[in-house]
Structure formats: C-alpha cells, structure tokens
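In UniProt numbering, the protein residues as written are 1 to 210.
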C-alpha cells in the first residue's frame, strides 16, 4: 500500500472527485471526515503533512463554491493556525447563499465533542434565561450542533474494512444506515459510491418501528 503521507495526498484527490460524483448522481448532502479531534495524537510529522495538505486543498474547496456548492466545516476551528481559521471562515462565507450541493467537511471534529460543546452552549443559554427547557425538543437541540439546518444522515459509508463509525455524527446518524466497505479510501471510486447507493436503496428503514 501507499505510505501514510502519500495515502493522505491521494485521499484528498479522491475527496475532490467524490464531490463531483455526488453531484453527478444527484446527492444533495455529503459529509467527509477529514480530520478528527483524535488525529492530533498521530506522529507530529504526519500531522504537519496533513496541515500542509489542508492548506493546499482549501483552494480546491474554495473553487467548489463557483458550482453553486455550499461548503460547511464541522468541528472546532480554534485549534488551527489563524491563517487556516480565516480561510475556513472565508470559504463558508462566500458559499453561504449557494443551494446546489452541500459539502460538509469535518475538521477537528468528534461526535462526542460536538454533543458536549452543544450541551455547554445550551447550559449557558439556560443560565441566561434564553431557553425554556419544559418545551425543549430534539429539533431544538439540533440547532446547537455544527450541522444546524442540515437534515439527519441517511447513510454512513465506512471504507477501509474497519467495522466502526469512529465517533462520527453520533447524534445526526442515530438512524443512519451503515455500510462498511473493504475498499481503502484512496482507492474509492464512483463505482463504489454507486454500489453503496444501490445497497442503501435496497434496505428497509424502520427508524425504530416495525
């Protein structure tokens, strides 16, 4: 297989291609797990290489806005260097009125961290008298998440043969269909995406019912 750094570089190229594949087959929302809150624990040279790659590919992500693509970054931006933070905010800003394909990129993201952050914000609002908990609903809690305004997840595809969701979209994916694929992400193709969508279409979603 590829060395880890080369794998990250190829994976970034596959991200760009898969976004276009989603557009081609009519997917409205797609989310990519680019860098987790736990990934900081990897060797420093690997993290540094990922950060350099991120800077390089932010130009590509920015150009997606020209195709009526809305780009949203999920996660805690404050951990990144100031220049990266500024670019993330800029990309979200220039694409905020686009309503074609929605591309969500999880950066410094963890599902448990997202829920904890949302709970802290909710607690602050309650303390300040901004929230009435008696009528508070799941939909209200959705508004405290990074994915505010985005529909729940329908399908989570996990490549690389791993049989776990790795702290990804825990709240939003509560009733998502899960598909574990043996293909490695750097090798993921349009054929794999279509196969995943076909498998999803065959499933009977019950949402906890019969």
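All C-beta atoms, glycine included, are put in the ideal place defined by N, C-alpha and C.
Since the model is a prediction, treat every value here as computed from it, not as a measurement.
Open item on the list: Looking at the strands, I want to know which residues DSSP matches up with residue 9.
Closed with: Paired residues: none, contrary to the question.
- [ ] Please name the residue, chosen from 43, 107 and 198, that lies closest to residue 177 on a Cα-to-Cα basis.
- [x] 198
TODO: Kindly indicate which three-state DSSP category residue 36 falls into: helix, strand or coil?
DONE: strand
Task: Reduced DSSP category for residue 23 - H, G, I as helix; E, B as strand; rest coil - done: helix
- [ ] Give the secondary structure of residue 205 by DSSP, where H, G and I count as helix, E and B as strand, and everything else as coil.
- [x] coil
Task: Those runs of the beta strand (DSSP E) which lie wholly inside the region 93-153 and span at least 3 residues - done: 102-109
Open item on the list: Whole angstroms are fine: how far does the CA of residue 130 sit from the CA of residue 105?
Closed with: 30 Å
Open item on the list: My parser needs the beta strand (DSSP E) runs of 3 or more residues fully inside the region 39-71; what are they?
Closed with: none
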